[in-house]
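Heads up: the sequence shown runs through residues 0 to 163, numbered per numbering that gives the first Met the number 0. Ideal Cβ positions, reconstructed from N, Cα and C, are used throughout, including at glycine. One structure is given below, encoded as structure tokens.
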Amino acid sequence: MERVIETARAQLITDDQRVLHILPQGFIIEGQEGVREPIAMSGERLEARVHVVTAALSAAQNIDKCVRRCGLAVDDLILEQLAPSYAVLDDDEKELGVCLVDIGGGTTDIAIFIEGAIRHTAGLPVAGDQVTNDIAGALRTPTQAAEELKKKFGYALVGNGARR
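Here you go:
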């Protein structure tokens, strides 16, 4: 299994990229799809479906250098869309299927899990700061007042339309 994943790493990555994650989505043994855990199964041919996450090597090196200059060390880098999933999603939610949307100030990060595996990630350049600016413009109010209005009266609809 490790060899199959390492083969994916070797085939897809250029010298100017650093692999952050190779996340298995499923395995195929002898043409049989839908295998989640191939250990102890018999077969001659094993294939893997993986979600490969890379970063520009120079960007990763710059992050490491910046952190070291602050007297700290980087253990590892993690995909921004993946990090909050460890804090807020449990295995059952990932198994059933979930779309995690993390609305930050400058970006909105999305991670989609289906059958326990990550299937898609994306980052959008639209987020909370833009909403605040739109409120400020529409109401002709200062940005700080718009931010307070957003926090006090804003809400998201989930599931059956319940407020959170």
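Count the other CB atoms, across all protein chains shown, that sit within 10 Å of the CB of residue i; report buried if there are 16 or more and exposed otherwise.
{"i": "Phe112", "result": "buried"}
{"i": "Leu63", "result": "What sits at residue 63 in the sequence shown is Asp, not Leu. Asp63 should be labelled exposed."}
{"i": "Phe152", "result": "exposed"}
Bridge partners for residue i per DSSP, in chain order?
{"i": "Asp101", "result": "Asp108"}
{"i": "Phe26", "result": "Val34 and Ala47"}
{"i": "Gly122", "result": "Asp108"}
Thinking residue i and residue j are a contact (beta carbons under 8 Å), I'd like their distance in whole angstroms, please.
{"i": "His20", "j": "Leu81", "result": "7 Å"}
{"i": "Glu29", "j": "Gly42", "result": "4 Å"}
{"i": "Thr140", "j": "Ala126", "result": "Incorrect: roughly 20 Å between the Cβ atoms, too far for contact."}
{"i": "Leu56", "j": "Asp15", "result": "5 Å"}
Tell me which same chain residues have a C-beta within less than 6 Å of the C-beta of residue i, skipping the five on either side of it?
{"i": "Phe26", "result": "Val34, Pro37 and Ala47"}
{"i": "Ala135", "result": "Thr142 and Ala145"}
{"i": "Glu79", "result": "Asp108"}
Please report the residue range of the beta strand (DSSP E) in which residue i lies.
{"i": "Ala55", "result": "Leu45 to Ala55"}
Within a Cβ cutoff of 8 Å, which residues of the same chain sit near residue i, ignoring the five residues on either side of it in sequence?
{"i": "Leu45", "result": "Met0, Val3, Phe26, Ile27, Ile28 and Pro37"}
Could you spell out where the alpha helix (DSSP H) holding residue i opens and where it closes?
{"i": "Ser41", "result": "That residue, Ser41, is in no alpha helix (DSSP H); it is neither H nor E in DSSP."}
{"i": "Thr136", "result": "For the sequence presented, residue 136 should be read as Gly rather than Thr. Gly136 -> alpha helix (DSSP H) spans Gly127 to Leu138."}
{"i": "Ala145", "result": "Thr142 to Phe152"}
{"i": "Ala72", "result": "Segment: none, Ala72 is in no alpha helix (DSSP H) and carries neither H nor E."}
{"i": "Glu94", "result": "Asp90 to Leu95"}
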